[in-house]
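Going down the list, the sequences are from chains A, B, C and D.
Residues 1 to 302 (my numbering) are what the first sequence spells out, left to right.
Residues 303 to 604 (my numbering) are what the second sequence spells out, left to right.
Residues 605 to 906 (my numbering) are what the third sequence spells out, left to right.
Residues 907 to 1208 (my numbering) are what the fourth sequence spells out, left to right.
Backbone N, C-alpha and C fix where the C-beta goes; we use that ideal spot for every residue, glycine too.
One structure below.
4 protein chains.
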Amino acid sequence: MRDRNTVGIISSNDTMPDQPVTATLLISCRDQKGLVAAVSAFLFENDGNIIHADQHTDQEESVFLQRVEWELNGFKVSRSEIADAFAPIAKRFEMDWSIRFSDHTPRIALFVSKLPHCLYDVLARWRMGEFRADIPIVISNHPDHEPVARDFGCDFEHFPITEETKTEQEAAILDLLDSEKIDLLVLARYMQIIGGGLVDRYPNRIINIHHSFLPAFAGARPYHHAHERGVKIIGATAHYVTAELDQGPIIDQDVARVSHRDSVDDLIRKGRDLEKTVFARAIDLHLRNRIVVYGNKTVVFD
Amino acid sequence: MRDRNTVGIISSNDTMPDQPVTATLLISCRDQKGLVAAVSAFLFENDGNIIHADQHTDQEESVFLQRVEWELNGFKVSRSEIADAFAPIAKRFEMDWSIRFSDHTPRIALFVSKLPHCLYDVLARWRMGEFRADIPIVISNHPDHEPVARDFGCDFEHFPITEETKTEQEAAILDLLDSEKIDLLVLARYMQIIGGGLVDRYPNRIINIHHSFLPAFAGARPYHHAHERGVKIIGATAHYVTAELDQGPIIDQDVARVSHRDSVDDLIRKGRDLEKTVFARAIDLHLRNRIVVYGNKTVVFD
Amino acid sequence: MRDRNTVGIISSNDTMPDQPVTATLLISCRDQKGLVAAVSAFLFENDGNIIHADQHTDQEESVFLQRVEWELNGFKVSRSEIADAFAPIAKRFEMDWSIRFSDHTPRIALFVSKLPHCLYDVLARWRMGEFRADIPIVISNHPDHEPVARDFGCDFEHFPITEETKTEQEAAILDLLDSEKIDLLVLARYMQIIGGGLVDRYPNRIINIHHSFLPAFAGARPYHHAHERGVKIIGATAHYVTAELDQGPIIDQDVARVSHRDSVDDLIRKGRDLEKTVFARAIDLHLRNRIVVYGNKTVVFD
Amino acid sequence: MRDRNTVGIISSNDTMPDQPVTATLLISCRDQKGLVAAVSAFLFENDGNIIHADQHTDQEESVFLQRVEWELNGFKVSRSEIADAFAPIAKRFEMDWSIRFSDHTPRIALFVSKLPHCLYDVLARWRMGEFRADIPIVISNHPDHEPVARDFGCDFEHFPITEETKTEQEAAILDLLDSEKIDLLVLARYMQIIGGGLVDRYPNRIINIHHSFLPAFAGARPYHHAHERGVKIIGATAHYVTAELDQGPIIDQDVARVSHRDSVDDLIRKGRDLEKTVFARAIDLHLRNRIVVYGNKTVVFD
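Here is the structure:
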């Protein structure tokens, strides 16, 4: 691995203005009276300066979801004691909840196969400081893109996969992810179905980009199917990976107009731009703790 | 039926500027050398003043499609003899072809069930002179919207349909369409499956608006399914009706962003605007002879 | 005026499901700690069942804005006493605030000139029950659309305006609006500049639809200017009317792709659909109390 | 400069399927009868196999524009004689015309200042074989991105520019472009106004990306102005550079929705994705000879 400084990586610290460290609380629970009052009183009484607060009530499912972000500086409860201090409130309302700190830098493993456009796009964004994350490693079932990974200062590991070797290779990948302390897997057009072991280990922490507006054209060769069907709009979908192929919670989607003038190759070309943008938006939303999953859906607090 | 003048109908003649009468040739055939040369020579040699010409070659299917529109005024071949004069060229290249004249006013039958937003929108556009067509009749399986139809100066016929009566009612509808000399059927959220008799009688002349971006969410209750799946984009699709439900050639589609904040009712509300716009665009494209169908696809010469 | 029942008007009560009556608080003030806590405590302590809550902090301007909607049923403070009960909180934080009840039906005056597409669209939506409002009157500087207004069950008043008569005619319009107890003016392509008297009397209560994506092509003939400039996208903008032409707070915008194939007439035709949709969305957002204006901007709690 | 093979550059030949060499004729002239007939007869009589043909008539300006692309293989006129063979037709109709061959690889000079997102995007697309071009050199008024350029196998030249040195530096740039035989200049957020010498030397061959939907927010700091104005949509515009700042012929535009939740930084972040996509589309259209400029507009034959 080349030293990062020599390849011109701009760290987050360089590009981000001197932003205060914040804590972010993500909450979901059964809808009840007094939820907002309890959380806001907790923050107010401890002198929390709220930067962002948003909530959503799914009336049909009677589910309440909330995101609150506040500055640690000046907050009366010390960072290590926040969880304990909040626990009684969480218990009273039977909340699913988590707390994140903005100075934690998540570690990403980037998966790729043959098509490199999302790989390049994610690495360039990272190098420019767009993502608050580190990307120590690129993993692929093909050896092709090792030079790209190395150029951007990442390690590269090649795990060729056949039907016979799939189970053992995924076990080896799991070991590597553990040893690298990976928080998030992003599948940049990685053309392998992710096995149950990986999915179970990283629930709502594997982001895939699918090259259609799901649920249309799930599965293989969506641009070919779109061309056959004669659609006038194509799309791309970023979603969390679950056990069922292309069925996980949708994070973001986007579309582009096409016409009879567009061949399959044109759809592929136009689709690449959608894929890159949607994929990057989903990764960024995840890293900024903007997403709460409930049932098979996402709430995106943007 | 109220007299149209009393309800303020603006006829096409009032709003359209004094446009010259044109002929439009729509052609599809196997791709061959010399096609464009032959058609353009035919027009040039007869002093045709071309207003619009567009062609498309589907390289994969090796299909050639063309639309040419020229002024009748000054054209050396008289209107009634154009078909005969062009026939030898058509024969040489084995073309599927048709010719239309811009001073012919197609007659539309407008089908509706309970939801009236597309009904209102089509009738208002027609009254404002947006469509080069006449709409003598509104047909419904429910009696609700007779006053609306009458207000806009249309006849209204109620054909209640049950499983038992479907065949005979569609036969009665067919008779009515024949006697009214209907050229085009537009289904403005008409919630009945169109039987084979009607489809066969009006090939590529029945336009339906489906409230999803097909092929996603074909069939009933697409907004409910879209909400369940947690999509971030909803859509609407205008297509020609074929024997298979929601599988006909797509004419136009459009989409709108939605979020977790949108309930099913919000999707329905936002979707209505998509449906109206896409439906009207498709009707307008058809009336201006801009669409050629081949296989299960459309070429839209816009 | 024709009796509304005979023209098939569907009142809001018919189409809206039996929704509970709600109160909505709209707040803006200088950003301070404890704001959310104070408001949510007020509602919680009085057993308010929150239906929708959203807030926004403009960090640069240090402005806090909030919208909270809750059910009146079960709320411990009676409807007539809510304002008094909330006043101390409002005073403490120096809030600009207002309260609205969902069973109040605002009264709209609809202004139109020659082009009727927005007129038709608004009236049809109203008749279908899309708007929680009444539209007792259509006002125009031309007599043309009286039959349309009457058909939809509205009164129609004709105020021809010349440079000489403008002041007195606007005074007469003001009198009419007063006597009709109008809450909201919507300008459906009304091609007269609104005088200062009207603007002062209805601050942030006059909605205009402008046929460009402002600030591009402010003023007259935007489609012609767009065509001249060769843009690839056209737009429409709904905004509140202020003293400066086309400079008021923007409520909503939308755009559509165009190409060299589109003549000015095509831009006008495609633009009409944008205008209708954007205009209706803005009216609907206003009527559902979703908009807060601050400075020259809107916050839209959608 | 590193050897390109070692940095994994994929040449166009690797990724493009074995496509036949084609000739492309771009024509503009006064609209006249017989134009299409004459051009298509020329191709037909010489056994030209047409791959793509499109034309446009600007009725208002009475201008005719055409693009025809055909296979050289099998064409009876040899490549070097096509221009002479076509000249009489061109003369008869007083055409502005040019002919391009698909196996010519244009040479691009890529200009950048401080912000590297378009730089990365263009270089990564090029490396993946998306552009039919070579990019021998990156030119900048700042030294920052030399490592990026070198990593992708490009030379890098630093031309610091002050008010005093501008004239001489642009002269030096011109010399460099000449010696490098540059065909096309692409300004990837190059924050210097291009002087008249360069504009005159490369008419319709300098592509700039401007970070607003022109003509709104021409000039500096468009995202700041957009935020101030409270727009609900932001955009990006790719255009050819002319003597007047941000006034050249528009090639492509795109937009994205924003809301009150978006700070200036959010607009900048969201805008970056628009800029990259629109810029790359414009470059690609230019390289595929899809654009004809007339007056201050483009016709894009896509």
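Along the beta strand (DSSP E) that carries residue i, what are the first and last residues, could you check?
| i | result |
| --- | --- |
| glutamine 857 of chain C | 854-861 |
| proline 147 of chain A | Per DSSP, proline 147 of chain A belongs to no beta strand (DSSP E); it is in the alpha helix (DSSP H), 146-151. |
| valine 790 of chain C | 788-792 |
| lysine 770 of chain C | First-last for lysine 770 of chain C: 770-783, but that is the alpha helix (DSSP H), not the beta strand (DSSP E). |
| aspartate 54 of chain A | 49-58 |
| isoleucine 857 of chain D | Absent from the structure is residue 857 of chain D, since the part of chain D shown begins at 907 and ends at 1208. |
| arginine 30 of chain A | 22-30 |
| proline 1042 of chain D | 1040-1046 |
Along chain A, which residues have their Cβ under 9 Å away from the Cβ of residue i?
| i | result |
| --- | --- |
| lysine 637 of chain C | Leu43, Phe44, Asp47, Gly48, Asn49 and Ile50 |
| serine 644 of chain C | Gly34, Leu35, Val36, Ala37, Ala38, Val39, Ser40 and Ala41 |
Does the beta carbon of residue i come closer than 8 Å to any beta carbon on chain D?
| i | result |
| --- | --- |
| tyrosine 294 of chain A | no |
| alanine 392 of chain B | no |
| alanine 355 of chain B | yes |
| tyrosine 190 of chain A | no |
| valine 845 of chain C | no |
Does any C-beta atom of chain A lie closer than 8 Å to the C-beta of residue i?
| i | result |
| --- | --- |
| alanine 641 of chain C | yes |
| histidine 1023 of chain D | yes |
| isoleucine 401 of chain B | no |
| isoleucine 535 of chain B | yes |
Which residue wins for smallest C-alpha separation from residue i, given the options the options?
| i | options | result |
| --- | --- | --- |
| arginine 704 of chain C | C:Arg894, C:Lys901 and C:Gly899 | C:Arg894 |
| threonine 544 of chain B | B:Ala528, B:Lys599, B:Asp575 and B:Tyr525 | B:Lys599 |
| glycine 497 of chain B | B:Val323, B:Thr464 and B:Asp423 | B:Thr464 |
| serine 744 of chain C | C:Ser706, C:Lys770 and C:Val716 | C:Val716 |
| tyrosine 794 of chain C | C:Asp850, C:Val667 and C:Ala645 | C:Asp850 |
| glutamine 321 of chain B | C:Thr881, C:Asp869, C:Ala884 and C:Asp858 | C:Asp869 |
| cysteine 29 of chain A | A:Gln55, A:Thr22, A:Arg150 and A:Ala171 | A:Gln55 |
| alanine 218 of chain A | A:Asp200, A:Pro203, A:Tyr202 and A:Ile250 | A:Ile250 |
| methionine 95 of chain A | A:Ile207, A:His227, A:Leu287 and A:Val39 | A:Val39 |
| aspartate 254 of chain A | A:Glu81, A:Leu115 and A:Leu274 | A:Leu274 |
| aspartate 953 of chain D | D:His1145, D:Ile1099 and D:Trp976 | D:Trp976 |
| phenylalanine 735 of chain C | C:Leu788, C:Arg683 and C:Glu784 | C:Leu788 |
Strictly below 8 Å CB to CB, what residues from chain D border residue i?
| i | result |
| --- | --- |
| threonine 277 of chain A | Asp1179 and Thr1183 |
First and last residue of the alpha helix (DSSP H) that includes residue i?
| i | result |
| --- | --- |
| tyrosine 1026 of chain D | 1023-1033 |
| histidine 272 of chain B | Residue 272 of chain B is absent from the model: chain B starts at 303 and stops at 604. |
| leucine 576 of chain B | 566-589 |
| valine 942 of chain D | 941-951 |
| aspartate 200 of chain A | 196-201 |
| lysine 997 of chain D | 988-998 |
Can you name the residues of chain D whose CB is closer than 9 Å to the CB of residue i?
| i | result |
| --- | --- |
| aspartate 103 of chain A | Within chain D, no residue comes near aspartate 103 of chain A; the closest Cβ sits about 19 Å away, beyond 9 Å. |
| threonine 902 of chain C | Gly1136, Lys1138 and His1166 |
Starting from residue i, find everything on chain C with Cβ-Cβ shorter than 9 Å and list it in chain order.
| i | result |
| --- | --- |
| aspartate 398 of chain B | The premise fails here: aspartate 398 of chain B is roughly 25 Å from chain C at the closest Cβ pair, so nothing lies under 9 Å. |
Name, please, each residue of chain A whose Cβ falls closer than 8 Å to the Cβ of residue i.
| i | result |
| --- | --- |
| aspartate 1208 of chain D | Arg261 |
If we define contact as Cβ-Cβ less than 8 Å, is residue i a contact residue for chain C?
| i | result |
| --- | --- |
| aspartate 423 of chain B | yes |
Chain C contacts from the region 503-531 of chain B (Cβ-Cβ distance under 7 Å): Within the region 503-531 of chain B, no residue has a Cβ that lies closer than 7 Å to any Cβ of chain C.
Contact residues within the region 425-437 of chain B, judged by C-beta distance below 7 Å to chain C: Under the 7 Å Cβ criterion, the region 425-437 of chain B contributes Ala426 and Met430.
Against chain A: residues of the region 850-875 of chain C by CB proximity under 7 Å: Along the region 850-875 of chain C, the positions whose C-beta sits under 7 Å from a C-beta of chain A are Arg861, read in chain order.
Short-range partners of chain A found in the region 355-375 of chain B, where Cβ spacing is below 9 Å: Against chain A - using a Cβ distance shorter than 9 Å - the residues of the region 355-375 of chain B are His358, Asp360, Gln361, Glu362 and Leu367.
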